[in-house]
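K.L.:
Residues in the sequence shown are numbered from -18 upward in steps of one, following the working numbering.
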Amino acid sequence: MFALHHARLMAGQRPSGRPEEIFDAHVLACVLANAATEVEAGEGDLASNTGLDAAMLEMVLDHWFPFADDLGLARGRAGAPLEEEEMLLDLLLAHAATGEGRGRDEPDLPAILARVVARRAMRPDHLWQDLGLFDRSELSRLLLRHFPTLAAGNTANMKWKKYFYRKLCEGEGFTLCTAPSCAECTDFSACFGAEDGESRMARARREVDRVEHREAAE
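#1: Determine the DSSP secondary structure at T79, reduced to helix, strand or coil.
#2: Could you give the distance in angstroms between the alpha-carbon of A17 and the alpha-carbon of R96?
#3: I'd like to know if the stretch 43 to 52 and the stretch -10 to -2 are in contact, where contact means that at least 3 CB-CB pairs between them fall below 8 Å.
#4: Counting C-beta neighbours from all protein chains within 10 Å, is the total for A75 16 or more, i.e. buried, or is it exposed?
#5: Could you name the residues of the same chain whose beta carbon sits closer than 6 Å to that of R101, not counting the 5 residues immediately before and after it, in chain order?
#6: For the alpha helix (DSSP H) containing H107, name the first residue and the last one.
#7: Rounded to whole angstroms, what is the Cα-Cα separation between G(-2) and H7?
#8: I believe A99 touches L73 by the beta-carbon criterion, under 8 Å. Please report the beta-carbon distance rounded to the nearest angstrom.
#9: Do A28 and L13 have their C-beta atoms within less than 8 Å of each other?
#10: Can you round the beta-carbon distance between D89 and R56 to whole angstroms, since I take them to be within the 8 Å contact cut?
#11: Please say whether L108 and W141 have beta carbons closer to each other than 8 Å?
#12: Let me make sure I understand the geometry here. Which of L(-15), H(-13), F(-17) and I3 has the alpha-carbon closest to that of R122?
#13: Quick one: what's got a C-beta closer than 7 Å to V20's C-beta in the same chain, skipping five residues either side?
#14: Could you spell out the range, first to last residue, of the alpha helix (DSSP H) harbouring F(-17)?
#15: For H(-14) and G154, I'd like the C-alpha separation in whole angstroms.
#16: So, helix, strand or coil for K140, using DSSP?
#17: So what's A28 in DSSP terms, helix, strand or just coil?
#18: So what's N15 in DSSP terms, helix, strand or just coil?
#19: Measuring only the C-alpha atoms, how far is H114 from C11?
#20: Can you tell me which of the three DSSP states A49 falls into?
This is the structure in structure tokens:
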């Protein structure tokens, strides 16, 4: 269902000829399609799965996908953030891109994405997978665009969740890492290893191919 939700949202997006605005719509479509797929699997609701309350969800749908069919799912309640989530949210908001060039009535997308990223970062997979994105490069592009000063500090290309926690620790004046340097750390791959894996879109395509192959064989 992820692929169907994403396709329907993108088909109903606000017309734009600017690649960055199309990318923003794609990111939001991934987030919403991912959350909707989880709801259909019996997990949470749109608000709790995205960190956005009902009013924010409606704002996102109305502004970025005005011509899309409604997802047809209860919005629910975002609920209070966990302590770690709130700390990460504060970090993201502190580095959010300014509103230069944004229209007076245009939603504050960095603030919206900060809430989504902070909520989804509490999940167990790579962050790009938690957000429903197609690969890690999309996450890097999102962060560089909407949280440029924070993303620019990841010069060693750490895994994004590890990098966020390092920044949070630095902000609190301590470190959880006992190695004198990254080069000497025995858990180097835990912070700097590849963030590969299968996206929801790839998984959906594989399932479609499997069903079609089975039907053709019958």
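For every residue, glycine included, the Cβ atom is placed at its ideal position computed from N, Cα and C.
P.N.:
Quick answer:
#1: Assignment of T79 by DSSP, reduced to helix, strand and coil, places it in the coil class.
#2: If you take the alpha carbons of A17 and R96, they lie about 17 Å apart.
#3: Short answer: they touch.
#4: Flag for A75 reads exposed.
#5: Within the same chain, R101 has close Cβ partners D111 and L112.
#6: Premise fails: H107 is in no alpha helix (DSSP H) and is neither H nor E.
#7: Pairing G(-2) with H7, the inter-Cα distance amounts to about 14 Å.
#8: The C-beta separation of A99 from L73 comes to about 6 Å, placing the pair in contact by the 8 Å criterion.
#9: No; because the gap between Cβ atoms is not below 8 Å, this pair is not in contact.
#10: Approximately 19 Å separates the beta-carbon atoms of D89 and R56; this is outside 8 Å, ruling out the contact.
#11: Contact: yes.
#12: The shortest C-alpha separation from R122 is found at I3.
#13: If the five residues before and after V20 are omitted, its C-beta is found closer than 7 Å to the C-beta atoms of D26, L27, N30 and L54, all from its own chain and listed in chain order.
#14: Unbroken alpha helix (DSSP H) run through F(-17): F(-17) to A(-8).
#15: Each residue's Cα considered, the two are about 43 Å apart.
#16: Three-state DSSP puts K140 in coil, outside helix and strand.
#17: A28 falls in the helix class under three-state DSSP.
#18: Here N15 sits in helix by DSSP.
#19: Correcting the residue type first, residue 114 is Leu in the shown sequence and not His. Going by the C-alpha atoms only, they are around 6 Å apart.
#20: A49: coil per DSSP, three-state reduction.
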